[in-house]
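These protein sequences, in sequence, are chains L and C.
Taken in order, the first sequence gives residues -1 to 355; the numbers are from our numbering.
Taken in order, the second sequence gives residues 2 to 800; the numbers are from our numbering.
To start, the structure itself, in structure tokens.
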Amino acid sequence: MDDLKAKYLSQIAEASDEAVLEDIRLAAVGKKGEVSLKMRELGRMTAEERQVAGPALNALKAEINSALAAKKAGLADAALDARLRSEWLDVTLPTRPDRHGTIHPISQVTEEVTAIFADMGFSVAEGPRIDTDWYNFDALNIPGHHPARAEMDTFYMHRAEGDDRPPHVLRTHTSPVQIRSMEATGAPMRIICPGGVYRADYDQTHTPMFHQVEGLAIGKDISMANLKWVLEEFVKSYFEVDGVDLRFRASHFPFTEPSAEVDIRCSWEGGTLKVGEGDDWLEILGSGMVHPKVLLAGGIDPEQWQGFAFGMGIDRIAMLKYGIPDLRAFFDSDLRWLRHYGFAALDVPTLHGGLSR
Amino acid sequence: MKFTLSWLKQHLDTTASVDEITYALTDLGLEVEGVEDRGAKLADFTIGKVVSAEKHPDADRLRVCQVNTDEGMKQIICGAPNAREGITVVVAKPGVYVPGIDTTIGVGKIRGIESFGMMASEREMELSEEHDGIIELPSGEVGDRFVDWLAENDPAKVDPVIEIAITPNRPDALGVRGIARDLAARGVGKLKPASQPSLEGAFPCPITVSIDDDTLGQCPVFFGRLIRGVTNGPSPQWLQDRLRAIGLRPISFLVDVTNYFTVDCNRPLHVFDADKVAGNTLRVHRAKGGETLVGLDEKEYTFSSDMTLISDADGVESIGGVMGGLRSGCTEETVNVFVEAAYFDPVRTAYTGRALRINSDARYRFERGIDPAFTPVGLDLACEMIVEHAGGEVSSRVQAGAVPDTTRAYRLNAARVQSLVGMDIPESEQRQTLTALGFRLDGDMAHVPSWRPDVMGEADLVEEVARVASLTKLVGKPLPRVTSGVPKPVMTPMQRRQQAARRTAAALGYNECVTYSFIDQASAALFGGGDDATKLENPISSDMSHMRPALLPGLLQAAARNQARGFMDMALFEVGPAFHGGEPGEEHLLVSGLLVGRTGPKDVHGASRPVDVYDVKADAEAVLAAMGAPAKVQILRGASDWWHPGRHGMICLGPKKVLGIYGELHPRVLDAMDIKGPAMAFTLWPQEVPLPRKAGANRGALAISDLQAVERDFAFVVDADVEALTLVNAASGADKALIEDVRVFDEFIGGSLGEGKKSLAITVRLQPRDTTLKDADIEAVAQKVIDKVTKATGGSLRG
């Protein structure tokens, strides 16, 4: 019996594949296998002999079966390993091409600005791009002869023969939305009005369309000091710096009184703008206390209400924050530019997550 | 507006430095645009004295000079012919930069002899073109700075020139005196008393002046004096220096005087050659229309009715407030001069100047508003100056009309500065500021000076006080929140919808563009626009002549530009307004996407393929879904003719409610816009997407069944023009309770089916809710599906 065991165990160990292994199994423990035949002989044995031979044969059968199973598993593993070895792929090959979309800086910065002012209670107002000259000029205390009107390089809409109304204009600023919003909601109010505006000017630093955001806050006791605080908070938040110096310079806009141009402290090093440090001043916006005539034009009693307004260029603050050199490229849709300066779809600016990555 | 420091000091008694003055100007609202300090580059030149000058042993023209300087005796080799013992010179020692020769002086050897500096000529210091020899000063102490000597003896040479920007509300600051007044109010010096003319006319003015009654509104007053026997010629040096310093060319004394008073006190004047004034009469009147005049700029102008003209007996002589005429202008030969000072209405002057396209100094000032009360004073000051330098005899003053009354007063409410600006300025200081600016305070009423047409209310008083006090000192004060606690969201549903559309399109791989709102007529016409209603009256170029009727033409132009740069495949989108008319509000928001070329570059996996309609359909559906559009829609055809007639769909809620269109663009449009390769697009109308009916965030309960769903496939043979959606809708309607989903998974056209036929295969998913489906139930539903589909499509189950 030991011979039998040695024979089959060595055959099993040497089996090269599953077919050979099956042959061995049949030869050893199959119905007519050598071990099975021996087991049939048990019936002819004496009880004493059977007492010895029976367990031994069973043990032999179990041992062979176990060796067969182990070998089978070993062969399967080896076969899998061999297959996997043949299944080598060049994983450095590129993937299927995927398009990466982007958000235009104007949209992104508009959302940033909105997030900041929303926190200070400003809602977003909108108005038409084509507007009457009353909303764009007269209501903002810019009468027909005012030099500012000529200086604005206004685009006028064509007037049909016989239509004697003054020509409509492409809004030269977002300020007409102030008037429309005052008419719509009355005081008190806090709004920002982002959007496209138009001036007939095209050169290195001017495009015939650009984007502004207007801010307006009207209340009982809103002062220029509040304006300064709001702008300080805005600039800090927008440029993502801890502190910033703002300089208010007296100036003149027909729609505000007093008026101030606002500079931020900055430095230019190697063409890079750093806000909040350095000895340079950069003009970023115009502002002031809303002129009583403008309040009146919007149907608000200047004896009861007062407030501030400001306006700045969205494209301009986008250029400053993100180091974009040329305004004209904003509207050229050059794919290389869109991909370089654009923002990922999921980069939604929030105050809790941060405005920029 | 340019002026020099010494000119300013003629009106302002100050010791402030240029830096202090420019800082104050900018802070006051008179923004400094530039300072040209010609003395700065001469700061290191000092005065020396030549003690001896010997001929250079090896050069006939060179002299070896011993020069006494602030650093003791220096040996300097000099080639100037006038280098000689005893003269006072200007020395540039080693290390000094000499601007005229763009060199920094070093110690050198000239023909073997050491030289420790240089003696400078005027040209070498850029003082003049003079270079015949080195400067010989008539005075000066050894060691003194040369700039100090110049400031003392020839100040014009080192007079700093300051240029400031003047906002339209400050005509008074268009005169040096007005600027001085602002600075004095700020405390940068003291305003000197104004010159008071004391002119007595020696004879009656032979020229009579008149203003037509209907013209008094646009020219309320006109003054003049005649000076006879003047000698015109070049102006005195100081006047020439001043005009040159601010960029004006001296012409002749009589003309220069008018320029001087224009800048000095914002008082434009006009000088007529009195001998050329026909009929000794000047009449101010409205143009009838059609009159012409050759102006001082030698251009001919034709007038339209109501412009303000000044005519003599022969015709038009001058355009009131804008420009004088060439014929009666003063020349070198003028001996009798008539000096005019008038007040022209700003509005009329602006319209006239704009219509005639004349941008003269006079127009610039009159349209902003000069000081009417100063009119006769300015005239007399000018006449005094003319007589003083050019001789002659002055007539009495003629006058037509009357100086317009500008008197007005506003209440100074001291608390208003605190409430409006947020600065605490004592009332006494407020009153002092206003007084310094020329306001007259009578109790709490502030009477506005005649030179401040901009001050029209209480708020203007606040502005004056605040700007003089300096807004730089303003300290920010928190703006209280509207409501306490967490701020509420502020965006409207439409604003959120725009943002969702934008972010979704970007996530789908589209690059957002912002293109101009105006476009060329031809491109606009391709997309249903380009009519006169959307035409610009004054486009910046013919490429931007009409408001865009859609976003696609701009995106297609962008695509063409990119293709011209070698980028053939792209996905672009834009969210923005398009214009269907020229009235306010005749605009609508659109979202458009454009796919051009292939899905990507050729790749190892063979994934790249030309873009097709189903790409843009998927993207349009995704963006619509992000904007909250319902999933169940109709797909109709028959959109505008810039779409491929057979390859587009309108996503609709009913035949008139179009949410969006997707499809292939018409080849003719692509050809016209120079696009290569297939181009697919979608346009969505966010404002058409219905707002959700229910309020609140609740999603409703989720109803799911634990019973197993069953899927069955069917294939139908239908006519080739039967649309899949018809089939799907029919199948879905077979048992609304049981059928959860119907999907098309195969389309097979022609082949064994025969011409004009196709097979559409669908999977129908049945989801039981109450009991497990038995074969008989499934068979029953299957039969209903077959019946419904064959009825709706006229097709049959594929055998």
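Don't be surprised by glycine CBs; every beta carbon is placed ideally from N, CA and C.
Assign residue i to one of three DSSP states: helix, strand, or coil.
i: D747(C); result: strand
i: C384(C); result: helix
i: N69(C); result: strand
i: F153(L); result: coil
i: L462(C); result: helix
i: K234(L); result: helix
i: K69(L); result: helix
i: Y352(C); result: helix
i: P578(C); result: strand
i: I282(L); result: strand
i: P611(C); result: strand
i: H338(L); result: helix
i: F519(C); result: strand
i: M74(C); result: strand
i: M(-1)(L); result: coil
i: V33(L); result: helix
i: Y261(C); result: helix
Starting from residue i, trace the beta strand (DSSP E) in both directions and tell me its first and last residue.
i: T5(C); result: 3 to 5
i: D274(C); result: 271 to 274
i: E341(C); result: 337 to 344
i: I801(C); result: Residue 801(C) lies beyond the residue range present for chain C, which begins at 2 and ends at 800; the question has no answer from this structure.
i: E37(C); result: 33 to 37
Tell me which residue opens and which closes the alpha helix (DSSP H) that residue i is part of.
i: G305(L); result: It is not in any alpha helix (DSSP H) - G305(L) instead sits in the beta strand (DSSP E) that spans 304 to 311.
i: K789(C); result: 776 to 794
i: V143(C); result: Careful: V143(C) lies outside any alpha helix (DSSP H) and carries neither H nor E.
i: Q555(C); result: Going by the sequence as given, residue 555(C) is Gly instead of Gln. From DSSP, the alpha helix (DSSP H) with G555(C) extends over 553 to 565.
i: E21(C); result: 19 to 29
i: V27(L); result: 16 to 27
i: E109(L); result: 103 to 117
i: P494(C); result: 494 to 508
Using DSSP's beta-bridge definition, name the partner residues of residue i.
i: R64(C); result: K56(C), C79(C)
i: H286(C); result: L310(C)
i: M120(C); result: V92(C)
i: C206(C); result: Its beta-bridge partners do not exist; DSSP assigns none.
i: S760(C); result: V718(C), F749(C)
i: R809(C); result: The structure shown has nothing for residue 809(C), since chain C only spans 2 to 800.
i: G594(C); result: F574(C), F683(C)
i: D14(C); result: K191(C)
i: G326(C); result: G296(C)
i: I48(C); result: V91(C)
i: R599(C); result: P611(C)
i: H589(C); result: A579(C)
Is there a Cβ from chain A that is less than 8 Å from the Cβ of residue i?
i: L87(L); result: No chain A appears in the structure shown, which is made up of the protein chains L and C.
Three-pair Cβ contact test at 8 Å for the stretch 285 to 296 of chain L versus the stretch 132 to 139 of chain L: Segments in contact, yes.
Secondary structure, beta strand (DSSP E): runs of 3+ residues fully inside the stretch 621 to 678 of chain C: Fully enclosed beta strand (DSSP E) runs of no fewer than 3 residues occupy 635 to 637, 644 to 653, 659 to 666 of the stretch 621 to 678 of chain C, in order along the chain.
Counting pairs of Cβ atoms below 8 Å between the stretch 15 to 35 of chain C and the stretch 163 to 171 of chain C, do you hit three or more? In short, these stretches touch, since the Cβ pair count reaches three.
If we require 3 or more residues per run, which beta strand (DSSP E) segments fall completely within the stretch 299 to 324 of chain C? Those beta strand (DSSP E) runs which fall completely within the stretch 299 to 324 of chain C and span 3+ residues are 301 to 303, 309 to 313, 316 to 320.
I want to know whether the stretch 635 to 654 of chain C touches the stretch 570 to 580 of chain C - three or more CB-CB distances under 8 Å. Between the stretch 635 to 654 of chain C and the stretch 570 to 580 of chain C there are fewer than three C-beta pairs closer than 8 Å, too few to call the two in contact.
Segments of 4+ residues assigned as alpha helix (DSSP H) that fall wholly inside the stretch 389 to 470 of chain C: Counting only runs of 4 or more, we get 415 to 421, 428 to 437, 459 to 470.
Could you check whether the stretch 682 to 698 of chain C touches the stretch 656 to 663 of chain C, counting it as contact only if at least three pairs of C-beta atoms, one from each stretch, sit closer than 8 Å? With a cut-off of 8 Å, the stretch 656 to 663 of chain C and the stretch 682 to 698 of chain C count as touching, because enough Cβ pairs lie within range.
Going along the chain, which unbroken runs of the alpha helix (DSSP H) with 4 or more residues stay wholly within the stretch 144 to 224 of chain L? Secondary structure in the stretch 144 to 224 of chain L: the alpha helix (DSSP H) runs of 4 residues or longer, each lying completely within the stretch, are 145 to 149, 174 to 183 in chain order.
Run through the stretch 227 to 278 of chain L for me and flag every whole beta strand (DSSP E) of 3 or more residues, listed as ranges in chain order. DSSP runs (the beta strand (DSSP E)) wholly in the stretch 227 to 278 of chain L: 244 to 251, 254 to 267, 270 to 273.
Stretch pair the stretch 22 to 39 of chain L + the stretch 2 to 11 of chain L: three plus CB contacts closer than 8 Å: Flag = yes, the stretch 22 to 39 of chain L and the stretch 2 to 11 of chain L touch.
What beta strand (DSSP E) runs, 3 residues minimum, are completely inside the stretch 156 to 230 of chain C? Counting whole runs of 3 or more residues, the stretch 156 to 230 of chain C contains the beta strand (DSSP E) stretches 162 to 165, 209 to 212, 222 to 229.
Can at least three beta-carbon pairs, one atom from the stretch 600 to 614 of chain C and one from the stretch 551 to 561 of chain C, be found at a separation below 8 Å? No, they do not touch.
Taking 8 Å as the threshold, find out whether the stretch 419 to 433 of chain C comes into contact with the stretch 229 to 241 of chain C through three or more Cβ pairs. Result no; under three Cβ-Cβ pairs closer than 8 Å.
Is the stretch 619 to 626 of chain C touching the stretch 491 to 508 of chain C in the sense that three or more CB pairs, one from each, lie closer than 8 Å? The stretch 491 to 508 of chain C vs the stretch 619 to 626 of chain C: in contact.
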